[in-house]
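Structure record follows, encoded as structure tokens.
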Amino acid sequence: MKPNFKYAVIHRHCERYPIKEMCCFFEVSRSGYYKYLKHIEHPAKDFKLAEKIRAKQETCRRTYGYRRMKLWLDSEGIAKNPKTVLRIMHKYGLLSEVRRRKKWQKMGDDKHRYDNLLNREFNADYPNQKWVTDISYIQTKEGVLYLSMIRDLYDRSIVAYKTDTSQTVNLVLETIHLAMKSVKKVAGSCSSTATRGSNTLRKHIST
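In my numbering, the protein residues as written are 112 to 318.
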């Protein structure tokens, strides 16, 4: 009879007979029996801990790696070796998910080509003669926030600005609309570096 079978018999009758006597009867060591007990109890303990980890991963959207999860378990009064936490997370598919950063998308359509109206002449003779647009982004806790601005080249003042969570053509157009509302009179020859915005600007000026 293999030792594991002997240990199984001892475990089945451990409440009726002394373990020491049964180990002597089956000619196995008590240390081997207790090692066997740890082995058979391992899956149950693993599953209980895995459910604890699973619940935490659901609340944190699977952002916890095994080191951070180990620290959280410590704070919950569950002291575990980092390797044990890693093994269980790997075994039950509870490892953190790697979130790839989204690739930056180009604004507009490359098929559309527009002339540079300013021709690198970044000075103006009077207010609202030349506007330039610019889009920058700000990293926040909630994600990336895009800032669209229109600046008057006459005195470098900001005519209008608008923020959004997406970098789109509409963001520029809405900024231009705000700029049009903020000034009482726009020069008839006002130019803008925004390609599609220039068309919108000309439309407003002509009406």
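Each residue gets a CB set at the ideal place from its N, CA and C atoms; glycine is no exception. Keep in mind the model is a prediction, meaning the values are calculated, not measured.
Note to self: Once DSSP output is grouped into helix, strand and coil, what is the label at I164?
What the structure shows: If DSSP states are grouped into helix, strand and coil, I164 belongs with the helices.
Notebook entry, point to check: Do L258 and I199 have their C-beta atoms within less than 9 Å of each other?
Noted result: no
Item checked: Candidates N234, H288 and Q168, of which the one nearest G204 by Cα -> Q168
Note to self: Counting C-beta neighbours from all protein chains within 10 Å, is the total for R172 16 or more, i.e. buried, or is it exposed?
What the structure shows: Classification of R172: exposed, given that the 10 Å Cβ count is below 16.
Checklist line | Closest residue to K273 among Y147, Y145 and L282 (Cα-Cα distance) | finding: L282
Next item on the list: Have a look at Y147 and D157 and give me their C-alpha separation to the nearest angstrom.
Entry: Looking at the two C-alpha atoms, the distance is approximately 16 Å.
Item checked: Where K156 falls: helix, strand or coil (DSSP) -> helix
Notebook entry, point to check: For Y144, does the three-state DSSP call read helix, strand or coil?
Noted result: DSSP places Y144 in the helix class (H, G or I) of the three-state scheme.
Margin query: Just to confirm before moving on: does the CB-CB distance between C134 and R127 stay below 9 Å?
Written below: no
Next item on the list: Round the Cβ separation of V243 and R262 to the nearest angstrom and send it over; I've been treating them as touching at under 8 Å.
Entry: 5 Å
Note to self: Relative to the C-alpha of I269, which candidate in V255, G254 and D245 has its C-alpha closest?
What the structure shows: D245
Notebook entry, point to check: Nearest CA to the CA of L206: which residue from L229, G176 and L184?
Noted result: G176
Next item on the list: Consult DSSP for D266 and reduce its assignment to one of helix, strand or coil.
Entry: coil
Notebook entry, point to check: Considering only the beta carbon of each residue, do V294 and N230 sit closer than 9 Å?
Noted result: no
Notebook entry, point to check: What three-state label does DSSP hand D275 in the structure shown?
Noted result: strand
Next item on the list: For T174, collect the residues of the same chain with a Cβ closer than 7 Å to its Cβ; drop the 5 residues on either side in sequence, then sort them by chain order.
Entry: S207
Check: Apart from the five residues on each side of it in sequence, which residues of its chain come closer than 7 Å, Cβ to Cβ, to N115?
Finding: Y147
Checklist line | Separation of I121 from P129, as counted between CA atoms | finding: 9 Å
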